[in-house]
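Trainee: In our numbering, the protein residues as written are 3 to 354. Just passing along the structure, written as structure tokens.
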Amino acid sequence: MSRFWSPVVHQLTPYIAGEQPKLHNLIKLNTNENPYGPSPLTLQAIAAATTDSLRLYPDPTAQQLLMTIAESFGLDQSNVFVGNGSDEVLAHTFQALLKHDAPLLFPDITYSFYPAYCRLYGIDFRAIALDETMSVCVSDYRKNCGAIILPNPNAPTGIALPLSEIENLLKDHPDQVVVIDEAYVDFGAASAVPLVKHYPNLLVIQTLSKSRGLAGLRVGFAVGDSSLIEALNRVKDSFNSYPLDQLAIVGAIAAWKDRVWFEDSRNKIIATRARLASSLDKLNFEVLPSSANFLFVHHPACSAKEIFGQLREKSILVRHLPGDRTNDYLRITIGTDAECEKLVVALQDILG
Ligand SMILES: Cc1ncc(COP(=O)(O)O)c(C=O)c1O
3 MSRFWSPVVH
13 QLTPYIAGEQ
23 PKLHNLIKLN
33 TNENPYGPSP
43 LTLQAIAAAT
53 TDSLRLYPDP
63 TAQQLLMTIA
73 ESFGLDQSNV
83 FVGNGSDEVL
93 AHTFQALLKH
103 DAPLLFPDIT
113 YSFYPAYCRL
123 YGIDFRAIAL
133 DETMSVCVSD
143 YRKNCGAIIL
153 PNPNAPTGIA
163 LPLSEIENLL
173 KDHPDQVVVI
183 DEAYVDFGAA
193 SAVPLVKHYP
203 NLLVIQTLSK
213 SRGLAGLRVG
223 FAVGDSSLIE
233 ALNRVKDSFN
243 SYPLDQLAIV
253 GAIAAWKDRV
263 WFEDSRNKII
273 ATRARLASSL
283 DKLNFEVLPS
293 SANFLFVHHP
303 ACSAKEIFGQ
313 LREKSILVRH
323 LPGDRTNDYL
333 RITIGTDAEC
343 EKLVVALQDI
353 LG
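Quick look at the structure:
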């Protein structure tokens, strides 16, 4: 606290990022990173761009990247916005499109950055409870609201909605912006991007952090009607004209084009997820059905906090999210098969 702070800063409860400890031999299953990392073609492209041209500012519009993404979806570059990780794209979205007189709606268990952005930008919001299966029930959103945002698959549950339900949500709210945060979509959910042509109120946000293994490069993007994208550009150009540096732009283009690496890495993660879910099931965990690169699990006989602490002592880091409805759960990122096997052995030991 300081008397020099702007009033808004006193009101903030910032998002708490997962730990990035520098411990040796750590099995890191806490921040949903991709164990296979970026494709070699991506690394080559970044290395080739590491030249004297770094003295110049990057293209403020990242036009080549916009075109690459737009073409892959059969859209125009005016339908795409890129930012410094999808967190920045989300931040601009909250400010540009989600602040209205009526409250913003999102699930009560969801990405915990959403309420943090609301506090930062002074956005009134209502959290809509997940149903008893921990799923989003779109009919619960049929109420007065200024806009809606939800991740699909949801985080940290991993549970996905079918596209038909997203479409129902869009039809229920033709006069509100509906944002679908698809950070984890490539691990098993259907993307709403094809709906963009039909619904001018839909904004879809994706990231290269998860399925492209590029959390460290910080690239995310939004796809939507050009009027929504214009609003994002207005905020971006009032904040930082160069959110993507030159290396991020070339790296993201190479990653987006390398379909072979992408398919291979996500298929491995999906296969490992099925194996880990079945091993955890045998250890008596309740495992929510995940379409993401993590599992959200609960053990009836041992508290999540206890398991988290004991795993940490064995140099295995998972995520425990305190909160009324998440306290009993652990979120476990899908690592390599070897990492997940070590996790299972450690859990067998802990649970006796
Ligand atoms: C639901 C969701 N959306 C967005 C993000 C942000 O990802 P990034 O800023 O790395 O693109 C995350 C990161 O964990 C997430 O879980």
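For glycine and all other residues, C-beta sits at the position ideal for the given N, C-alpha and C. Remember, it's a predicted structure, so these values are computed and weren't measured experimentally.
Is it the case that the Cβ atoms of T52 and A256 are separated by a distance below 8 Å?
Mentor: Counting from 1 along the sequence shown, the entry for residue 52 is found at position 50. Counting from 1 along the sequence shown, the entry for residue 256 is found at position 254. Between T52 and A256, the CB-CB gap reaches or exceeds 8 Å.
Trainee: Within the same chain, show all residues whose beta-carbon is closer than 6 Å to that of A294, passing over the 5 residues directly before and after it, in chain order.
Mentor: For the purposes of this step, residue 294 is identified with residue 292 of the sequence shown, where counting begins at 1. The residues are P155, G160, Y186, F189.
Trainee: For the beta strand (DSSP E) holding Y123, just list the boundary residues, first then last.
Mentor: Here residue 123 corresponds to residue number 121 of the sequence shown, with the count starting at 1. Unbroken run through Y123 is the alpha helix (DSSP H), 115-123; no beta strand (DSSP E).
Trainee: Give a yes or no on whether the C-beta atoms belonging to Y123 and K145 are separated by under 8 Å.
Mentor: Working through the sequence shown from its first residue, we reach residue 123 at position 121. Working through the sequence shown from its first residue, we reach residue 145 at position 143. No, the pair does not count as a contact, with Cβ atoms beyond the cut-off.
Trainee: Is the segment 133-148 close to the segment 164-178, with three or more CB pairs under 8 Å?
Mentor: Flag = yes, the segment 133-148 and the segment 164-178 touch.
Trainee: Go to L268, then tell me how far its alpha helix (DSSP H) extends in each direction, as first and last residue.
Mentor: Residue numbering aside, residue 268 sits at position 266 when the sequence shown is read from its first letter. Residue 268 is actually Arg in this sequence, not Leu. Start and end: 261-284.
Trainee: For P153, list the residues DSSP reports as bridge partners.
Mentor: Along the sequence shown, read from residue 1 onward, the residue named residue 153 stands at position 151. Note: P153 sits in a beta bridge opposite D183.
Trainee: Count the other C-beta atoms from every protein chain shown that fall within 10 angstroms of the C-beta of V180, then say buried if there are 16 or more, exposed otherwise.
Mentor: Within the sequence shown, numbered from 1, the residue matching residue 180 stands at position 178. V180 is buried by the Cβ-count criterion.
Trainee: Is D183 near ligand 1, judged by its Cβ being under 7 Å from some heavy atom?
Mentor: Reading the sequence shown from its first residue, position 181 is the one you call residue 183. Correct: D183 has its Cβ closer than 7 Å to ligand 1.
Trainee: With a cut-off of 8 Å on the beta carbons, I'd call V221 and G20 a contact; round off their distance for me.
Mentor: For this step, residue 221 is matched to residue 219 along the sequence shown. For this step, residue 20 is matched to residue 18 along the sequence shown. About 19 Å separates the two Cβ atoms, so there is no contact after all.
Trainee: Within 10 angstroms of the Cβ of E265, are there 16 or more other Cβ atoms? Answer buried if so, exposed if not.
Mentor: Within the sequence shown, numbered from 1, the residue matching residue 265 stands at position 263. With fewer than 16 Cβ atoms within 10 Å of its Cβ, E265 is classed as exposed.
Trainee: Is it the case that the CB of P324 approaches a heavy atom of ligand 1 more closely than 7 Å?
Mentor: Taking the first residue of the sequence shown as 1, we reach residue 324 at position 322. Flag unset: Cβ of P324 not near ligand 1.
Trainee: Report yes if the CB atom of K259 is closer than 8 Å to the CB atom of T70, and no otherwise.
Mentor: To locate residue 259, count along the sequence shown from 1; it is residue 257. To locate residue 70, count along the sequence shown from 1; it is residue 68. Closer than 8 Å, so yes.
Trainee: Hey, does D133 have any beta-carbon neighbour from chain B nearer than 8 Å?
Mentor: In summary, chain B is missing from the structure at hand, where a single protein chain is found.
Trainee: Residue ranges of each beta strand (DSSP E) run of no fewer than 3 residues wholly in the segment 20-103, ordered along the chain?
Mentor: 82-85
Trainee: Within 8 Å, do at least three Cβ pairs link the segment 28-47 to the segment 203-216?
Mentor: Touching, yes.
Trainee: Going by the C-beta, is Y17 closer than 7 Å to any heavy atom of ligand 1?
Mentor: Walking along the sequence shown from the start, residue 17 turns up at place 15. No, the beta carbon of Y17 sits no closer than 7 Å to any heavy atom of ligand 1.
Trainee: Is there at least one non-hydrogen atom of ligand 2 closer than 7 Å to the beta-carbon of S211?
Mentor: In terms of ligand content, the structure shown lacks ligand 2 and carries ligand 1 instead.
Trainee: H26 to S317, Cα distance in whole Å?
Mentor: Along the sequence shown, read from residue 1 onward, the residue named residue 26 stands at position 24. Along the sequence shown, read from residue 1 onward, the residue named residue 317 stands at position 315. So the alpha carbons of these two residues sit roughly 9 Å apart.
Trainee: With a threshold of 7 Å (Cβ to nearest heavy atom), would D188 be considered close to ligand 1?
Mentor: Against the sequence shown, residue 188 aligns to sequence position 186. No; taking the cut-off as 7 Å, the Cβ of D188 has no heavy atom of ligand 1 nearer than that.
Trainee: Among L278, A50, Q79, Y331, which has the Cα closest to the Cα of Q350?
Mentor: Numbered from its first residue, the sequence shown carries residue 350 at position 348. Here the closest residue by C-alpha is L278.
Trainee: Beta-carbon separation of L92 and D183 under 8 Å?
Mentor: In the sequence shown, the residue the question calls residue 92 occupies position 90. In the sequence shown, the residue the question calls residue 183 occupies position 181. Yes, they are a contact pair.
Trainee: For a quick check, are the C-beta atoms of L234 and F83 less than 8 Å apart?
Mentor: Along the sequence shown, one-based indexing puts residue 234 at 232. Along the sequence shown, one-based indexing puts residue 83 at 81. Contact flag set, yes.
Trainee: Provide the residue span of the alpha helix (DSSP H) that contains I161, from first to last.
Mentor: In the sequence shown, counting from the first residue as 1, residue 161 sits at position 159. Here I161 belongs to no alpha helix (DSSP H), and DSSP marks it neither H nor E.
Trainee: Between D61 and I251, which are expected to be in contact by the criterion C-beta below 8 Å, what is the C-beta distance as a whole number of angstroms?
Mentor: The residue you call residue 61 lines up with position 59 of the sequence shown. The residue you call residue 251 lines up with position 249 of the sequence shown. At roughly 7 Å, the Cβ-Cβ gap stays under 8 Å, so D61 and I251 are in contact.
Trainee: Nearer than 7 Å: is that true of the beta carbon of A118 relative to any heavy atom of ligand 1?
Mentor: Reading the sequence shown from its first residue, position 116 is the one you call residue 118. The answer is no for A118.
Trainee: Exposed or buried, M136, counting other C-beta atoms within 10 Å across all chains shown (16 or more means buried)?
Mentor: Here residue 136 refers to the residue found at position 134 of the sequence shown. When all chains shown are included, M136 counts as buried.
Trainee: Can you give me the Cβ contacts of Q65 inside the same chain, cut-off strictly under 6 Å, excluding the 5 residues immediately before and after it?
Mentor: Sequence index remark: in the sequence shown, residue 65 carries index 63 (1-based). Excluding positions up to five away in sequence, the list is empty.
Trainee: With distances taken between CB atoms, is the gap from I336 to F296 smaller than 8 Å?
Mentor: In the sequence shown, counting from the first residue as 1, residue 336 sits at position 334. In the sequence shown, counting from the first residue as 1, residue 296 sits at position 294. Yes, the Cβ-Cβ distance between I336 and F296 is below 8 Å.
Trainee: Checking 8 Å against the spacing of the C-beta atoms, do V347 and L332 come in under that value?
Mentor: By 1-based counting over the sequence shown, the position of residue 347 is 345. By 1-based counting over the sequence shown, the position of residue 332 is 330. No, Cβ-Cβ distance for V347 and L332 is not below 8 Å.
Trainee: Tell me which same chain residues have a C-beta within less than 6 Å of the C-beta of R327, skipping the five on either side of it?
Mentor: Numbered from its first residue, the sequence shown carries residue 327 at position 325. Excluding sequence neighbours, R327 sits near I111.
Trainee: So for Q178, helix, strand or coil by DSSP?
Mentor: The residue you call residue 178 lines up with position 176 of the sequence shown. Looking at Q178 - three-state DSSP - the assignment turns out to be coil, as it is neither helix nor strand.
Trainee: Would you identify the three-state DSSP class for L288, choosing helix, strand or coil?
Mentor: Position 286 of the sequence shown holds residue 288. Residue identity check: residue 288 is Glu in the sequence provided, not Leu. Correct three-state label for E288: strand.
Trainee: Just to confirm my understanding: we take P164, look at its own chain, exclude 5 residues before and 5 after, and list those with CB closer than 8 Å. What are they?
Mentor: The sequence position of residue 164 within the sequence shown is 162, counting from 1. Excluding positions up to five away in sequence, the list reads A192.
Trainee: Nearest CA to the CA of Y113: which residue from E90, A157, S74, F127?
Mentor: Stepping through the sequence shown from its first residue, residue 113 is reached at position 111. Of E90, A157, S74, F127, the residue nearest in Cα terms is A157.
Trainee: Taking the straight line between their C-alpha atoms, what separation do you get for N34 and Q22?
Mentor: Here residue 34 refers to the residue found at position 32 when the sequence shown is read from its first residue. Here residue 22 refers to the residue found at position 20 when the sequence shown is read from its first residue. N34 and Q22: Cα-Cα distance of roughly 12 Å.
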